[in-house]
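Trainee: Sharing a structure here in structure tokens format.
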């Protein structure tokens with residue numbers, strides 16, 4: 001092992017990303033970051049970098065929030081944001097729908113990367129790869145429902161509903177919108193449930209072996 005001492009050095013975003021790209025085969029460089037710091041040896045050679053990431057999506061990027069969540073915490077944060085920003089039949093509802101899609105896409109990409117990362121040996125503090133993969137699949141279903149909800153939402157937001165016939169024509173769009181919003185909600189709940197990893201049951205203790213017969217003892 002080398003006795004060279006390391007010291008902290010400032011690194012630019014591109015330099016930190018290039019380092020991750022060259023040396024980290026399990027994770028790609030992050031798309032964005034707040035800042036990065038490096039560790040160099042006495043010759044000035046960069047040996048390690050630490051990247052402080054932005055939140056799970058730009059809507060949480062308030063300048064004070066950093067990416068420091070477990071996978072389950074990230075799902076809870078997105079679910080909470082989805083609940084707090086309802087889909088209404090106006091421009092705000094359309095914005096919120098695209099907001100939900102943005103959040104879910106970021107979260108799904110992160111979970112898929114962690115599933116691949118978990119396949120490496122000696123990785124701790126992450127759910128099993130199968131669990132992450134199952135949860136990411138449910139998130140993908142939620143994204144699909146939200147994208148399919150866009151068409152009826154846009155129609156209901158922009159079309160006039162002044163006459164009885166127009167209101168009758170809109171019933172199908174209302175039904176389709178509700179189906180997809182409910183489906184997205186169920187898929188997001190399923191993604192959260194999938195992360196509840198059950199601990200394996202303790203192995204049953206083996207019965208005590210029977211005492212061996214002393215072959216040297218002779219019968220009387």
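Residue numbers (the working numbering): 1 to 220. Positions of the beta carbon are idealized from the N, C-alpha and C atoms, including for glycine. Every value quoted in this text rests on a predicted model; they were computed, and no experiment measured them.
My understanding is that residue 238 touches residue 107, with C-beta atoms under 8 Å, so please give their C-beta distance in whole angstroms.
Mentor: The requested residue 238 is not part of the displayed model; the chain covers only 1 to 220.
Trainee: With distances taken between CB atoms, is the gap from residue 39 to residue 16 smaller than 8 Å?
Mentor: Here residue 39 is not near residue 16, since their CB atoms are 8 Å or more apart.
Trainee: Less than 8 Å between the beta carbons of residue 52 and residue 20, yes or no?
Mentor: Contact flag unset, no.
Trainee: How would you call residue 152, buried or exposed, if buried means at least 16 neighbouring beta carbons within 10 angstroms?
Mentor: Buried: at least 16 other Cβ atoms inside 10 Å.
Trainee: Return helix, strand or coil for residue 283, following the three-state DSSP convention.
Mentor: Nothing about residue 283 can be read from this structure; the chain reaches only from 1 to 220.
Trainee: Under 8 Å: do the region 82-94 and the region 152-161 share three or more Cβ pairs, one atom per stretch?
Mentor: yes
Trainee: Kindly indicate which three-state DSSP category residue 34 falls into: helix, strand or coil?
Mentor: strand
Trainee: Please tell me whether, using a cut-off of 7 Å, the distance from the CB of residue 89 to the nearest non-hydrogen atom of the ligand ADP is below it.
Mentor: Inclusion of the ligand ADP in the displayed structure is not the case, the ligand content being empty and no account of it being possible.
Trainee: So, does the region 101-116 touch the region 125-145, judging by three or more C-beta pairs under 8 Å?
Mentor: yes
Trainee: Which same chain residues, not among the five before or five after residue 94, have their C-beta less than 7 Å away from its C-beta?
Mentor: 153, 154, 157
Trainee: Exposed or buried, which one is residue 71 when buried takes at least 16 other CB atoms within 10 Å?
Mentor: Per the 10 Å Cβ criterion, buried.
Trainee: Give me the Cα-Cα distance between residue 9 and residue 24, rounded to the nearest whole angstrom.
Mentor: Approximately 20 Å between the Cα atoms of the pair.
Trainee: Near residue 176, which residues of its chain fall below 7 Å by C-beta distance, leaving aside the five closest residues on each side in sequence?
Mentor: Contacts found: 152.
Trainee: At what residues does the beta strand (DSSP E) containing residue 47 begin and finish?
Mentor: 46-53
Trainee: So within the region 112-194, which uninterrupted alpha helix (DSSP H) runs reach at least 4 residues, ignoring any that extend past its ends?
Mentor: 129-158, 164-194
Trainee: Please list, in chain order, all residues of the same chain as residue 148 whose beta carbon is under 6 Å from its beta carbon, the five residues on each side excluded.
Mentor: 180
Trainee: Between which two residues does the alpha helix (DSSP H) harbouring residue 9 extend?
Mentor: That residue, residue 9, is in no alpha helix (DSSP H); its beta strand (DSSP E) goes 7-10.
Trainee: Cα separation between residue 182 and residue 22?
Mentor: 43 Å
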